[in-house]
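Report on one structure; see the data block that follows.
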Amino acid sequence: MRRSRRGTTLVTAGTAVLLAALTAVTPASADPVKASKTINDRTAAQIAALQSIKKSLTPAESKVDSTLVVEARKRVQAGTTSALPQVTTGVAVTPQSTTLVDIRAKQYSEDLVNAVRAAGGQIRAVSSENRTVRAEVPLAKLADIAGRGDVARVEQGSDAMTQDLKNKRDTKSRKAAPSKEDKAKEIERRLAEKQVSVQAAVVSESDKAHAAEAARGSFHVTGVGTKLCALSDGVSSLTVSQAAGELPAVDVLAGQAGSGDEGTAMLEILHDIAPNAELGFATAFNGDASFADNIKKLRFQLGCDVIVDDVIYFNESPFQDGIIARAVDAVAADGALYFSSAGNQGNVADGTSGHYEGQFVDSGVGVGKFAGTAHDFNPDPNAKQLYDPLSNFSGDTPVVLHWADPLGQSFNDYDLYLVNSQGNVVTFSQNNQDGAQDPYERINTPSSSTGTRLAVVKYRGEDKYFALSLFGGRFADTNDGLKKYVTPGTTRGHSAANGAISVAAAPAAGALPFDLEPGDPANPKGPYPNAFTSTQKPERFSSDGPRRTFFAPDGSSRPELRQKPDITAADGVTTSVPGFAPFFGTSASAPNAAAIAGLILSGNPTLSPAEVKEALVATAIDVVESGVDNRTGAGIVMADRALAYTGASPQALARAQKPTVVNDADGSAFLKPGTTATVTVPVANNGDGSAASTSVVLTTPAAGVTIAPRSKYYGNIDVGQTVSNTFKVSVPASAGLGSNVRLDARVSYAGSTSPTTNSFTLRVGEPSRDYKTFAYSGAPVAIPDNDPTGASVSLAVSGVGAASNLKFSVDGATCSTADGATTVGIDHTFVGDLVGTLTSPSGKSVTLFSRVGSTGNNICQAVFDDSATRSFSSVTSSDAPFTGSWLGSAPLSSLTTDGADGTWVFKVADVVGSDRGSIRAVTLSVAGWV
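In this note's numbering, the protein residues as written are 259 to 1188.
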């Protein structure tokens, strides 16, 4: 399992909050104390000490996560935890005494962002839609921020894990996390190695196990016409996989490449199964609000047809769809297919579960000086057990407690304590809930879990249904007589959303090469090189369902019992990415299922998402229990069966390509006022099947412009062929220089993908060879470290009108790689941290550079020009200081369709920590029309 970290310390999740309104609060009032029966005096005394802190919170502290409050007080009040000899808060604090938090606002505003900065905070992410500011903030300033009237609560930064599976007991191979610099150097080394010797592509074993290879051969369907997109940690070595021939171009959401390589491995799986599908990516690892935003951006900005993730945020409720699940439902409602890992948290049938849920049973046993009562796990009315014991191999494991109150409306106050066999409280979560907070508590187990057990305490309120879950451990009987209590239903969060298809795992090839815990039964093997059959066993770690929910997204009552997981797909597959060969976990199974869905859509593009899901479910191989079950859903999905079920056939994909112009009057390559030009429109068929009876209708909304003829017949266009035809375009004499002539090309042919439409904008006039320059001449602007809001400079353009061409230069008098150089255009150590964008007065933006350049320092005398021959995305640290003529990540020409006069903005964001620099000198050069 991979968990989000800062440095080498696990950053704990944003736990539930304490008070939303900035009004005076009275001390929390507990239910009456009852006689202690099974919790010993030491435990009771330590819980009482923690509850004393809870009762003493100021109004502002009541809006801050309880562990943050205790950690902050420890640093200024020596006696805060003197009665708690072994307790830890789990709060990750930097040497500068800052910590990562999510500030949940009643209403998002730039004023709040500026206030966080004024308090010494460094912005990590902002989400106006989800009213969240994520920032690294001094511990001593948290209460000040929480005291603002527009702040609902301050939580520990929400954290997540991917669902790949690693052997957490393998200490020999475990090394200290490499530095950012070491990672960058390793990627450059691998890239150089691939460029020298390109080896044969690694193909995932799932291609045969799911009969996808055979299906592509039989149905001649390859993913053409679909776009498959992934969300995970990052795609750090994407360029290496591309250089090795493992991946084609990938559409990465600007500034959202993330860090790590599980995303790269997922993309390789998608590409192996559906090799001609387009690919896209965005990170899910910058907080829950950013994850939700990126889900929507993949659909609504990048146009992804199938989206898959392998991430779970620990604060996701099992009982109500939160912001991530609502984002999933939003893209599903728009027609996207969404796949998500069911999880690796185990199941009851295999004895691997670390999950318990049920109605709170008041034990009648008082806990501490102020508390209410502890839950009785033992269903026997004649016996009590106030703890659920952890196995000895559940160390360093997130543990979450949720109960059945609506999000942001919890009137019932529950707390969570981890106790060792001596009765010492090891860690805790005891946020205040009084009607304006989430029903949620979160802790992290210590590195050794031997003898530890969990207690759920109802501090105040009603007996509610609750869920207690470990992420990477399990409950187990103890030698001192405690029994484990587990129930089905560990899968949760957005994977259990109605709009998501939740995917369990079964091995494609070899068995998981280690025991989940010592003494476990053997792990199952897969069928490779053969295909799955009904005798296949699922992975023993795969999370079980079903998922019980109680509330609609708005918090109103809406009980449901959702069948989850939905389906099963292969894991234990090979990719070319180090650390993911083999690749185990539902992180691997989810992209296999998503890729098969891509093949289904490619072979029958008119299918609705519901019909694609029906095909997957109806044709799945039933395994384990007969019929749909709570471990494997409908069974293992198979590409050949699904394509046969949907009547898949090779589809043509004929699209108009960029036209060329020959002016009939002077032979130039331009439209001119009062003239007619011959415009050639190519049509390319990049599909799997022939485009029969192809025709093109060419129209324009430009006033006074005529096109003759309106349509032309192109005939049959074979796979891979391009056919061209000509049209006459006449421009009126009144047309202004630089005015737009938009050509709308509608290509019709026999097939489900018909018609396709493309638009091309031609300009009237000939581009001027003279450029006007507009330089930034102000003081250097510091680029904030690890802050996506970045730094900007403005360039006022006037006297140009319509632009024909643009060049953007990062200037400098003398170029060097020196730290803090004052004679370069952008001084910055580790240019690979930077994302640079240029925005026109109309609000359109292009990305010039994004996370390239590795450890190299400074950009100087670098010109971004659409006529350049080398892309800036190809640079390595050896090119520093980065000079010369470059193609940007996107063409500057896309900014010329609107008027050039007005304010242009150049922004540079540093999206990774620890390096700094400034914008010093830049120039925008603009050419008009003649």
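Here a beta-carbon is modelled for each residue, glycine too, at the ideal position from N, C-alpha and C.
Quick check on DSSP: helix, strand or coil for Ser-324?
It is helical.
Reducing DSSP to helix, strand and coil, say where His-613 ends up.
Looking at His-613 - three-state DSSP - the assignment turns out to be strand.
Hey, could you find the ends of the beta strand (DSSP E) Arg-622 is sitting in?
Note that residue 622 is Gly in the sequence shown, not Arg. Where Gly-622 is concerned, the enclosing beta strand (DSSP E) stretches over 620-624.
Smallest Cα separation from Val-715: which of Gly-1175, Val-1184 and Ile-297?
For the residues Gly-1175, Val-1184 and Ile-297, the minimum Cα distance to Val-715 belongs to Ile-297.
According to the neighbour-count rule (16 or more other Cβ atoms, all chains shown, within 10 Å of its Cβ), is Pro-776 buried or exposed?
Looking at its Cβ environment, which holds fewer than 16 other Cβ atoms inside 10 Å, Pro-776 is exposed.
So, under 8 Å CB-CB, Ala-1179 and Gly-1048 are touching, yes? Tell me the CB distance rounded to an integer number of Å.
The Cβ separation is near 17 Å, so there is no contact.
On a CA-only basis, which of Ala-341, Glu-413, Leu-995 and Ala-363 is nearest Leu-326? Give me that one, please.
When each option's Cα is compared against that of Leu-326, the closest is Glu-413.
So, are the CB atoms of Leu-496 and Val-508 less than 8 Å apart?
It is a contact, given that the beta carbons lie within the stated cut-off.
Among the residues of its own chain, which have a CB less than 6 Å from the CB of Lys-438, if the five just before and after it don't count?
So no residue of the chain qualifies.
Determine the closest residue to Ser-834 out of Gln-667, Val-391 and Ala-502, with distance taken between C-alpha atoms.
Measuring from the Cα of Ser-834, the nearest candidate turns out to be Ala-502.
At what residues does the beta strand (DSSP E) containing Asn-1063 begin and finish?
Asn-1063 -> beta strand (DSSP E) spans 1063-1068.
Can Gly-861 and Phe-477 be called in contact, C-beta distance under 8 Å?
Against a cut-off of 8 Å, the Cβ pair of Phe-477 and Gly-861 comes out as a contact.
When the Cα atoms are used, what is the spatial distance from Gly-1101 to Glu-387?
Looking at the two C-alpha atoms, the distance is approximately 20 Å.
Going by Cα to Cα distance, which pick from Ala-535, Gly-492, Asn-678 and Ala-1138 is closest to Phe-543?
Per the Cα distances, Gly-492.
Please report the residue range of the beta strand (DSSP E) in which Ala-902 lies.
Note, Ala-902: premise wrong, no beta strand (DSSP E); alpha helix (DSSP H) at 897-903.
Measure the Cβ-Cβ separation of Asp-546 and Ile-582 and say whether it is below 8 Å.
Result yes, Cβ atoms of Asp-546 and Ile-582 sit closer than 8 Å.
Give the single residue among Glu-872, Gly-905 and Ile-403 whose Cα lies nearest to the Cα of Val-895.
It is Glu-872 whose Cα lies nearest to the Cα of Val-895.
Could you say which of Gly-925, Asn-943 and Asp-922 lies nearest to Gln-909 if we only look at CA atoms?
The shortest Cα separation from Gln-909 among Gly-925, Asn-943 and Asp-922 belongs to Asn-943.
Does the beta-carbon distance from Ile-879 to Val-870 come in below 8 Å?
No, they are not a contact pair.
If we count Cβ pairs, one from each stretch, closer than 8 Å, do we get three or more for the segment 790-810 versus the segment 898-906?
They do not touch, by the three-pair rule.
Can you name the residues that DSSP bridges to Asp-887?
Looking at the DSSP assignment, Asp-887 forms a beta bridge with Gly-891.
Can you tell me which of the three DSSP states Ser-1243 falls into?
Here the chain has residues from 259 to 1188 only, and residue 1243 is not among them.
Check this for me: beta carbons of Val-657 and Thr-703, under 8 Å apart or not?
Yes, these two residues count as a Cβ contact at 8 Å.
What are the complete alpha helix (DSSP H) segments, minimum 4 residues, inside the segment 507-548?
Counting whole runs of 4 or more residues, the segment 507-548 contains the alpha helix (DSSP H) stretches 520-531.
What is the rounded straight-line gap between the Cα of Ser-499 and the Cα of Ala-450?
Their Cα atoms are separated by approximately 12 Å.
Of the residues Thr-352, Gly-1090 and Val-939, which one's Cα is nearest the Cα of Ala-330?
Nearest option by C-alpha distance: Thr-352.
Near Asn-1115, which residues of its chain fall below 6 Å by C-beta distance, leaving aside the five closest residues on each side in sequence?
Cβ within range, chain order: Thr-1075, Thr-1087 and Ala-1138.
According to DSSP, is Gly-751 part of a helix, a strand, or is it coil?
Note: Gly-751 maps to helix in three-state DSSP.
Is the beta carbon of Leu-308 sitting closer than 8 Å to the one on Val-683?
In this structure, Val-683 lies closer than 8 Å to Leu-308 by Cβ.
Taking DSSP as the reference, what is the three-state secondary structure of Ala-588?
It is helical.
Is the separation between the beta-carbon of Ala-470 and that of Pro-1046 shorter than 8 Å?
Cβ atoms of Ala-470 and Pro-1046: not closer than 8 Å.
What does a CB cutoff of less than 7 Å around Val-586 pick up in its chain, not counting 5 residues either side in sequence?
Excluding sequence neighbours, Val-586 sits near Ile-553, Tyr-596, His-752, Ala-755, Gly-757 and Ala-758.
To which residues of the same chain is Ala-855 closer than 6 Å at the C-beta, ignoring the five residues directly before and after it?
Contacts found: Val-564, Leu-595 and Val-870.
Measuring alpha carbon to alpha carbon, tell me which of Phe-1066, Gly-1070, Thr-1113 and Asp-530 ends up nearest Ala-1126.
Among Phe-1066, Gly-1070, Thr-1113 and Asp-530, the Cα nearest to that of Ala-1126 belongs to Phe-1066.
Nearest to Ala-410 by alpha carbon, out of Val-882, Gly-561, Lys-321 and Gln-688?
Residue Lys-321 is the option with its Cα nearest to Ala-410.
Taking only runs that begin and end inside the segment 376-408, name each unbroken beta strand (DSSP E) of 3 or more residues, in chain order.
Taking only runs of at least 3 residues, the beta strand (DSSP E) segments lying wholly in the segment 376-408 are 380-385 and 390-396.
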